[in-house]
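I have placed the structure first, in the form of structure tokens, so that the comments after it can refer back to it.
Numbering (this note's numbering), first residue to last: 795 to 1260.
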């Protein structure tokens, strides 16, 4: 029953705001908390002021919280719930037009036949302005509120991506890709100096012009991988990272690591003398709690130990790893060593931009490992899948103190999910089973079931968007 003390339109999203109904989030890696009747308050700054499990009407809850007397209220229907915004820890923005193409080959064939040509084409900056707005909107519509983007070698196209993310309200980690050698179709920079200068240009543009307060868009250092960047450039990137004046925002680092045996071998050929792939990055000062490593499939014990010591995070990309036959990432091994893990779509080697798809694929990959080894310990539990897609991804992106769940004080990055909007999710007979409702959405849902998307309290996609 609607609260008679509130007469505002249910579609209103003016802050401050109170949601009343079902709220679902992870409070730990092994626990999904479902609050059947809850009031969640979002203050005028877009932060979560309170989350209370209560049958009290929102009007009574509001009276107990300062500045919520005139809050707008959204009453959730029985088949609706709030869920944290999804986090994509690894996506290649320039490859967006190539989704589903080129997966007949392995990683090397795919890079040379499809990736290098499409990435090189962003020397024409107008292409970034054509491709990226639709891409960011599509990701938001699919519930992805935060993305760690890989860009191209082009500073101007990368700056365009940063500007578009900020304008559309998506949280993002962005840096110019650094490729000095090993690529094809001209998808390489001419010198170490050019690569470093371009990276610095992007960092300064994001900090000074795009998002000086570091609210949404965060700059990063981005070597493509150890097999594409010489020791001189790696050293320069490490110096750039640690000499940055951006103490408030903080530079992240994104890189690929141990994706295929050939890629690992090529790294050792280019960087001889290092005990492991991890040692090479660590030697150049690129290993730390703000480092995001994509793939991490073919790891040595030394890699795992050093990753755990330095607090790096891993972007697990089950869709692309399966499509290109890279191998199976042993997520359980990483988690058991205390290594942060999130999910990535790895578009376009992955054919779906949906983190819901990544959750399903992560489940399948873990089961494939169990089948191939005969050991059930590899199987990821449902609660862990939810964690990887939300809080785990936030931790990998060094944003765990700001987003990932609905703890008071965090920013309100959230989805209003409706499992009764379409026939794709059949909840008939399970309307009163909240656990079943969530599982059906995770394994059957898509953008049609995501009614509203919020980032930092602002509605960025959904029914109220014009």
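Glycine included, each C-beta is placed from N, C-alpha and C at the ideal position.
With fewer than 16 other CB atoms across the displayed protein chains lying within 10 angstroms of its CB, residue 839 is exposed. With respect to the 7 angstroms criterion, residue 1104 and residue 1081 are classified as neighbours on the basis of their beta carbons. Contact annotation: residue 1185 and residue 1203 have beta-carbon atoms that are not nearer than 7 angstroms. If you compare the alpha carbons of 852, 857, 881, 882 with that of residue 869, the shortest gap goes to 852.
Beta-bridge partners assigned by DSSP to residue 814: 833, 869. Here residue 1087 is not near residue 1122, since their CB atoms are 7 angstroms or more apart. Cβ neighbours of residue 1004 within its own chain (closer than 8 angstroms, five residues either side excluded): 953, 956, 957, 960, 1011.
Residue 970 sits in coil when the DSSP states are folded into three classes, being neither helix nor strand. Using a C-beta cut-off of 8 angstroms, the segment 980 to 988 makes contact with the segment 1019 to 1038, since at least three inter-stretch Cβ pairs fall below that distance. In the three-state reduction of the DSSP assignment, residue 1132 falls in the coil class. Within the same chain, 820, 823 come within 6 angstroms of residue 1181 by CB-CB distance, once the 5 residues on both sides are set aside.
Excluding five sequence positions before and after residue 1054, the CB atoms of its chain that fall closer than 6 angstroms to its own CB belong to 901, 1120, given in chain order. C-alpha of residue 993 to C-alpha of residue 969: approximately 7 angstroms in a straight line. Each of 826, 906, 832, 828 was checked against the Cα of residue 813, and the nearest Cα belongs to 832.
Secondary structure in the segment 1021 to 1109: the alpha helix (DSSP H) runs of 4 residues or longer, each lying completely within the stretch, are 1025 to 1036, 1055 to 1064, 1071 to 1077, 1095 to 1104 in chain order.
Beta-bridge partners of residue 824 (DSSP): none assigned.
In the DSSP assignment, residue 943 is bridged to 885. Check the Cα spacing between residue 1017 and each of 1059, 974, 1189, 1057: the tightest is with 974. A direct Cα-to-Cα measurement between residue 1100 and residue 1134 gives close to 13 angstroms. Straight-line spacing of the CA atoms in residue 1187 and residue 1094 works out to 23 angstroms. Minimum Cα-Cα distance from residue 881 among the listed residues 924, 1191, 875 corresponds to 1191. Beta-bridge annotation (DSSP): residue 1256 is paired with 1246.
Beta-bridge pairing by DSSP links residue 1212 to 874.
For residue 1014, no alpha helix (DSSP H) run applies; the uninterrupted beta strand (DSSP E) run containing it begins and ends at 1011 to 1015, by DSSP. For residue 1179, the uninterrupted alpha helix (DSSP H) segment begins and ends at 1176 to 1181. The beta-carbon separation of residue 1242 and residue 1172, rounded to 32 angstroms, does not stay under the 8 angstroms limit for a contact. Taken through DSSP and simplified to helix, strand or coil, residue 1163 comes out as helix. Put simply, of 1207, 816, 972, 1234 the residue whose alpha carbon is nearest the alpha carbon of residue 841 is 1207. Between residue 1193 and residue 877, the C-beta gap is not smaller than 7 angstroms, which leaves the two residues out of contact. For residue 958, the uninterrupted alpha helix (DSSP H) run begins and ends at 949 to 962, by DSSP.
Nearest in C-alpha terms to residue 1048, of all of 1098, 1108, 1251, is 1108. With fewer than 16 other CB atoms across the displayed protein chains lying within 10 angstroms of its CB, residue 1006 is exposed. Residue 1248 has its alpha-carbon roughly 10 angstroms from the corresponding atom of residue 938.
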